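Following: one structure in structure tokens, then a few remarks.
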Amino acid sequence: MTDNAQSGRVGYRDIADDLRRKIDSGELPPGSRVPGENDITSRYGVAPLTARHALDVLKSEGLIVAKRGSGTFVREFKPIRRVSPDRLKATASWGAGRPIWTTDVGTRPRTESVFVEVEQPSAPVAQVLRLDDGARVVVRRRTYVVDDKPVQLATSYYPEALVAGSAITEIDTGEGGAYARLRELGHEPVRFREELRIRMPREAEREALELTQDMPIVLITRTAYTIDDQPVEVSEMVLDSAAYVLEYKFTSQD
Numbered sequence: 001m002t003d004n005a006q007s008g009r010v011g012y013r014d015i016a017d018d019l020r021r022k023i024d025s026g027e028l029p030p031g032s033r034v035p036g037e038n039d040i041t042s043r044y045g046v047a048p049l050t051a052r053h054a055l056d057v058l059k060s061e062g063l064i065v066a067k068r069g070s071g072t073f074v075r076e077f078k079p080i081r082r083v084s085p086d087r088l089k090a091t092a093s094w095g096a097g098r099p100i101w102t103t104d105v106g107t108r109p110r111t112e113s114v115f116v117e118v119e120q121p122s123a124p125v126a127q128v129l130r131l132d133d134g135a136r137v138v139v140r141r142r143t144y145v146v147d148d149k150p151v152q153l154a155t156s157y158y159p160e161a162l163v164a165g166s167a168i169t170e171i172d173t174g175e176g177g178a179y180a181r182l183r184e185l186g187h188e189p190v191r192f193r194e195e196l197r198i199r200m201p202r203e204a205e206r207e208a209l210e211l212t213q214d215m216p217i218v219l220i221t222r223t224a225y226t227i228d229d230q231p232v233e234v235s236e237m238v239l240d241s242a243a244y245v246l247e248y249k250f251t252s253q254d
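Shown next as structure tokens:
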């Protein structure tokens, strides 16, 4: 099958499939140079735009990475293994003064583009947080990056009345992050609920995560509750599906 209207012509998906096969088989091992646009144009007999689209597909899948001034290479990248519920245990992460994501296995992301604002919540967020009409929320937005590639967008919502004046309203929340600050405020999260959904990205999400149109994202919505069952946070995480492995641990015991 090809993506060109003319029968018998090679399409960008055919080229991406061929290069992907070489990567998966080890013919193009991690760190090796991938044929560039000019090489692909010559080798497959296609237009430069077709060659560019083929490389874009592999970039969006996290298989290759472009290094400015050097070329394009097979990515030496270990997927981030997001282990639940271990990552939310206070003793393993935030309660010990560490960010939650330090419990994830694999390449550690760095945090970029942190924004903190006070806003009127959407109806779904207000409902989950059980807010009165007119109540506002503190919103924390940030991007997580690995090897200069954005892998996750995260947006967290907290009742303004609950966290006003705390470090949760600052760019740097301090050791242990927002959950440690909630505990200091007397609202320690002890129970969490996560909903996971796979969908196609919105345009803003696609651009922010540098995805192609046909790459899905993983949307995880987490709600944190106190021992009194009070919701204190809603967090929406948009994950590049090519960058993560989601692992869940549980037992058959009550």
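In full-length UniProt numbering, the protein residues as written are 1 to 254.
We treat Cβ as the ideally placed atom computed from N, Cα and C, and that holds for glycine.
Everything numeric in this text was worked out from a predicted model, so none of it was measured.
Query                                                                                                                                                             : Result
Take the Cβ of Leu209 as the centre, count every other Cβ of all protein chains shown within 10 Å, and call the residue buried at 16 or more, exposed below.      : buried
With Ile23 as the anchor, note down where its alpha helix (DSSP H) starts and where it stops.                                                                     : 12-25
Skipping 5 residues on each side, what residues in its chain have a beta carbon closer than 8 Å to that of Ser166?                                                : Arg181, Glu184, Leu185
Out of Thr223, Lys78, Leu153, point me to the one whose CA is closest to Ala204's CA.                                                                             : Leu153
Relative to the C-alpha of Ile220, which candidate in Asn38, Ser241, Asp56, Val57 has its C-alpha closest?                                                        : Ser241
Assign Gln6 to one of three DSSP states: helix, strand, or coil.                                                                                                  : Reliability fails at Gln6, whose pLDDT of 39 lies under 50, so the model's placement of it is uncertain and the value that follows must be treated cautiously. Note: Gln6 maps to coil in three-state DSSP.
Under 9 Å, do Ile217 and Pro201 count as touching if we go by C-beta distance?                                                                                    : yes
How do the segment 171-179 and the segment 120-135 stand: do at least 3 beta-carbon pairs fall below 8 Å, yes or no?                                              : no
Let me confirm a value: Glu233 is counted as buried when at least 16 other C-beta atoms fall within 10 Å, else exposed. Which label applies?                      : buried
Skipping 5 residues on each side, what residues in its chain have a beta carbon closer than 6 Å to that of Leu28?                                                 : Lys22, Val74
Count the other CB atoms, across all protein chains shown, that sit within 10 Å of the CB of Ala224; report buried if there are 16 or more and exposed otherwise. : buried
Here's the rule: buried if 16 or more other CB atoms are within 10 angstroms of the residue's CB, otherwise exposed. What is Val245?                              : exposed
To which residues does DSSP link Tyr179 through a beta bridge?                                                                                                    : In DSSP, Tyr179 forms no bridge with anything.
So what's Asp240 in DSSP terms, helix, strand or just coil?                                                                                                       : strand
Please report the straight-line C-alpha distance between Gly31 and Thr72, rounded to a whole angstrom.                                                            : 9 Å
Just tell me which of Tyr157, Val163, Leu63, Arg33 has its CA closest to the CA of Asp17.                                                                         : Leu63
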